[in-house]
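Below is one structure, written out as structure tokens, with a few remarks after it.
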Ligand SMILES: Nc1nc2c(ncn2[C@@H]2O[C@H](COP(=O)(O)OP(=O)(O)O)[C@@H](O)[C@H]2O)c(=O)[nH]1
Ligand SMILES: [Mg+2]
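Now the structure itself:
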């Protein structure tokens, strides 16, 4: 099973714990160890992390507003983020020279095209330079890659240094990405070739390309390359095709180098700048858990067990809706909030539901204020006569009242969907969602 799926299950197990005692923590840590070892993470690193997690959770006093279990989830999330990358991999969007190095088949040529596309879609004009003269078809391959993503490829010259020199002289593009030759291992010959090429290029970035399937060996490779030729960062490719991606990322992180890009497929668009937070969030399917925890805090939303229970039972009234509107206003746009809620982020929600404007929400608040308590509890009784009265009382229009009622009905439908949805009503994530009083959205 792949790393992301197994890790997600471990998080679900935490959310499903009835008590967080020593035994429960031991079980979770064992589970995590199995997941990490399967991903080819170094044994010592696994042992170290296990001890750290145990120490942090046993006898811990959770911060205000979080239960011990929620704290456990958040702590493990933070630890995983740190484990899979000390830093976010930022590559500046500015004119620069990027040199790609690495062994045979690691994905240099493919990555050159992908990184070119990455710059291009961000408005910085790139070109590729074909400095691999070692393999016969290498230049033709790069040309093809360049055609695919619609960027120039410079090939003039016989030796790698000459090709680089010519490109540096001729190219008008803002970013130059230099492809280079690999070998089966980092031998003297390759080291010398890369050093010479580096002297000519004077690159701003030297990115070592490493395939994820080499797992923990990534550390040794990164250290060796760094010692012999110097690197500014790592590109981890082929994360899509292996269960060992976690091991490779963790190993790259301890080598001291920053992973700047990750390759997640063979297509030109399958490359992204690496953000460990986003990577872990996406893997465990929590949306941006961190962001939600922080936002919920700053918005001062207190857990409301009663309300949450009612919502989870599918009793969703205008009163709940009114409260939700209040929460939404505090937390920003509804779509932002939705993205961050466990169990909801992956759900199909009618698009219109998310595009409610601020001023509309305000209007709706006035409208609900103008309803009688009975109307709020059973909005179905609001027919033409009541619509007129409410419109007048709230200083809005009848069409605004009708629109709100329609929206409310749609919301109820979504509620019914979430009721049956996995991991939301009954699932282990429900509790966490409850904490935010947002379970009904
Ligand atoms: N699935 C997958 N395949 C990749 C990825 N990156 C590169 N490849 C494949 O790996 C093989 C070697 O890539 P190439 O760029 O020629 O490696 P190079 O020798 O370092 O230049 C090719 O078949 C690529 O299509 C990736 O992120 N995912
Ligand atoms: Mg190549």
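Residue numbers (my numbering): 172 to 612. Even for Gly, the Cβ is constructed at its ideal location relative to N, Cα and C.
Cβ shell of residue i (< 7 Å), same chain only, five flanking positions each side left out
i           : result
residue 181 : 199, 202, 203 and 206
residue 537 : 565, 566 and 567
residue 188 : 195 and 240
residue 212 : 387, 417, 418 and 421
residue 184 : 199 and 202
residue 395 : 357
residue 469 : Low local confidence applies: a pLDDT of 44 at residue 469 is under 50, so the model's placement there is unreliable, with the coordinate-based value given in what follows. Same-chain partners within the cutoff: there are none.
residue 293 : 264
residue 542 : 489 and 561
residue 173 : 414
residue 496 : 532, 535 and 536
residue 382 : 277, 278, 408 and 409
Alpha-carbon spacing of residue i relative to residue j, whole angstroms
i           : j           : result
residue 560 : residue 236 : 42 Å
residue 337 : residue 208 : 48 Å
residue 335 : residue 244 : 50 Å
residue 269 : residue 444 : 14 Å
residue 433 : residue 317 : 19 Å
residue 413 : residue 431 : 19 Å
residue 267 : residue 415 : 32 Å
residue 354 : residue 584 : 59 Å
residue 552 : residue 238 : 40 Å
residue 307 : residue 427 : 34 Å
residue 440 : residue 409 : 13 Å
residue 360 : residue 248 : 43 Å
residue 571 : residue 548 : 19 Å
residue 327 : residue 342 : 11 Å
residue 530 : residue 371 : 59 Å
residue 339 : residue 376 : 15 Å
residue 400 : residue 532 : 58 Å
residue 291 : residue 364 : 29 Å
residue 320 : residue 283 : 10 Å
residue 402 : residue 197 : 39 Å
residue 218 : residue 210 : 14 Å
residue 535 : residue 575 : 7 Å
residue 556 : residue 582 : 24 Å
residue 216 : residue 190 : 27 Å
residue 390 : residue 281 : 22 Å
residue 175 : residue 221 : 18 Å
residue 379 : residue 442 : 15 Å
residue 251 : residue 192 : 21 Å
residue 546 : residue 455 : 41 Å
residue 436 : residue 300 : 22 Å
residue 554 : residue 494 : 23 Å
residue 374 : residue 186 : 47 Å
residue 573 : residue 544 : 18 Å
Limits of the alpha helix (DSSP H) - the one that residue i falls within
i           : result
residue 239 : 239–254
residue 454 : 447–455
residue 361 : 359–372
residue 444 : Note, residue 444: premise wrong, no alpha helix (DSSP H); beta strand (DSSP E) at 442–444.
residue 351 : Segment 346–351 is the beta strand (DSSP E) holding residue 351; no alpha helix (DSSP H) there.
residue 488 : No alpha helix (DSSP H) contains residue 488, which DSSP labels as neither H nor E.
residue 182 : 174–186
residue 567 : Residue 567 -> no alpha helix (DSSP H), and no H or E assigned at all.
residue 262 : Careful: residue 262 lies outside any alpha helix (DSSP H) and carries neither H nor E.
residue 544 : 544–548
Beta-carbon proximity list for residue i, same chain, < 6 Å, skipping 5 on both sides
i           : result
residue 305 : 352
residue 429 : 258, 260 and 404
residue 476 : Residue confidence for residue 476 is low, a pLDDT of 48 falling below 50, so the modelled location carries little weight and cannot support an answer.
residue 323 : 298
residue 296 : 344 and 345
residue 177 : 206
residue 558 : 569 and 572
8 Å CB neighbourhood of residue i in its chain, flanking five on each side removed
i           : result
residue 242 : 228, 231, 233 and 234
residue 255 : 417, 420, 421, 424, 447, 450 and 451
residue 579 : 489, 492 and 550
residue 368 : 270, 302, 331, 332, 335, 349 and 351
residue 362 : 399 and 400
residue 312 : 280
Host beta strand (DSSP E) of residue i (start-end)
i           : result
residue 433 : 430–434
residue 313 : Careful: residue 313 lies outside any beta strand (DSSP E), inside the alpha helix (DSSP H) at 309–320.
residue 221 : Run containing residue 221: none in the beta strand (DSSP E); it sits in the alpha helix (DSSP H), 214–228.
residue 120 : It is not possible to answer for residue 120, since the shown part of the chain is limited to 172 through 612.
residue 326 : Here residue 326 belongs to no beta strand (DSSP E), and DSSP marks it neither H nor E.
residue 613 : This structure cannot settle anything about residue 613, because the visible part of the chain is limited to 172 through 612.
residue 411 : Unbroken run through residue 411: none, as it is neither H nor E.
residue 382 : 376–382
Subject >> Validate contact between the stretch 214–229 and the stretch 275–292 using beta carbons, cut 8 Å, 3 pairs >> reply: no
Original post:
Are there three or more Cβ pairs, one per stretch, closer than 8 Å when the stretch 338–349 is compared with the stretch 282–297?
Top reply: yes
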